[in-house]
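Numbering (the UniProt record's numbering), first residue to last: 1 to 175.
The C-beta atom is built at its ideal place from N, Cα and C for all residues, glycine as well.
For clarity, every value in this text was computed on a predicted model and none was experimentally measured.
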Amino acid sequence: MINKILQRAPTNEKEFFLAYRYWYRKLYYFLYQKTQCSNLAEDVVQQTFLIVWERKNNANQQIQFSTQLFQIARTKLIDELRRRALNRKYVAFEKPFVLTQYEDLERQIAYKGELEYVKELITQMPFMRQQVFYLHKIEELSYKEIAVKLSISPKTVENHVSIGLKFIKKFFKLS
């Protein structure tokens with residue numbers, strides 16, 4: 001009686017659990033021999049039995065269940081190997097971009113640290129030089145725009161920027 005049940009696809013829960021207990025190890029070792037990976041073999045066995053359960057009402061009872069079971073397992077194994085290979089290709093393709101993003105992030109962090117340091121140095125300059133330097137280097141205004149905004153000559157703006165740069169360079173050489 002049990003042999004007859006195991007030779008055809010299960011049609012109810014009781015038959016399914018019986019088939020599962022009987023075929024699980026055989027199917028697992030079959031897949032493990034092909035892959036030498038226990039996790040992969042386990043995943044494919046689970047996927048195979050899931051398909052068997054989903055198709056329990058549509059199974060072809062003319063074909064021996066073991067044939068159907070191992071064919072499903074082979075197909076799932078091929079699908080899984082393809083998926084993993086594609087995943088590896090994607091990771092290999094993405095790796096340079098991800099590394100670049102991390103490098104950019106490190107540069108941004110370093111830039112922010114340096115920017116904070118420069119802002120701190122700017123506060124040590126005389127008030128007018130602070131304003132000129134900040135407007136030119138941080139807000140990126142031209143000498144003419146700064147001259148109009150602060151009602152000073154463009155030459156004065158240029159002098160303030162030049163002296164401010166020398167001041168900051170002196171402190172960067174010290175650190």
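Item, Value
"Out of Lys166, Thr11, Gln47 and Val45, state which residue places its alpha-carbon closest to the alpha-carbon of Asn58.", "Thr11"
"Buried or exposed: where does Val132 fall if 16 or more other Cβ atoms within 10 Å of its Cβ makes it buried?", "buried"
"Once the 5 residues before and after Tyr28 are set aside, which same chain residues still bring their CB inside 8 angstroms of it?", "Ala41, Glu42 and Val45"
"Start and end of the alpha helix (DSSP H) containing Glu54?", "Ser38 to Glu54"
"Between the alpha carbons of Glu13 and Lys89, how many angstroms are there, rounded?", "40 angstroms"
"If you draw a straight line from the C-alpha of Gln71 to the C-alpha of Phe16, how long is it?", "17 angstroms"
"Just the Cα atoms here: how many angstroms apart are Met1 and Tyr32?", "For Met1, the pLDDT reaches just 45, beneath the cut-off of 50, and the residue's location in the model is therefore unreliable, although a value from the coordinates is still provided. Rounded to whole angstroms, Met1 to Tyr32 spans 30 angstroms at the Cα level."
"How big is the Cα-Cα spacing for Gln130 and Thr123?", "6 angstroms"
"Under three-state DSSP, which class holds Thr11?", "coil"
"Report, in whole angstroms, the separation of the C-beta atoms of Tyr143 and Glu120, which I expect to be a contact under 8 angstroms.", "Contact doesn't hold; Cβ gap of about 24 angstroms is too wide."
"With a CB to CB cut of under 6 angstroms and the five nearest residues on each side skipped, what residues in its chain are close to Ile51?", "Ile72"
"According to the Cβ coordinates, are Tyr22 and Phe49 closer than 9 angstroms?", "no"
"Output the distance between the C-alpha atoms of Phe171 and Leu165, rounded to the nearest integer angstrom.", "10 angstroms"
"Run through DSSP, which three-state label would Thr75 get?", "helix"
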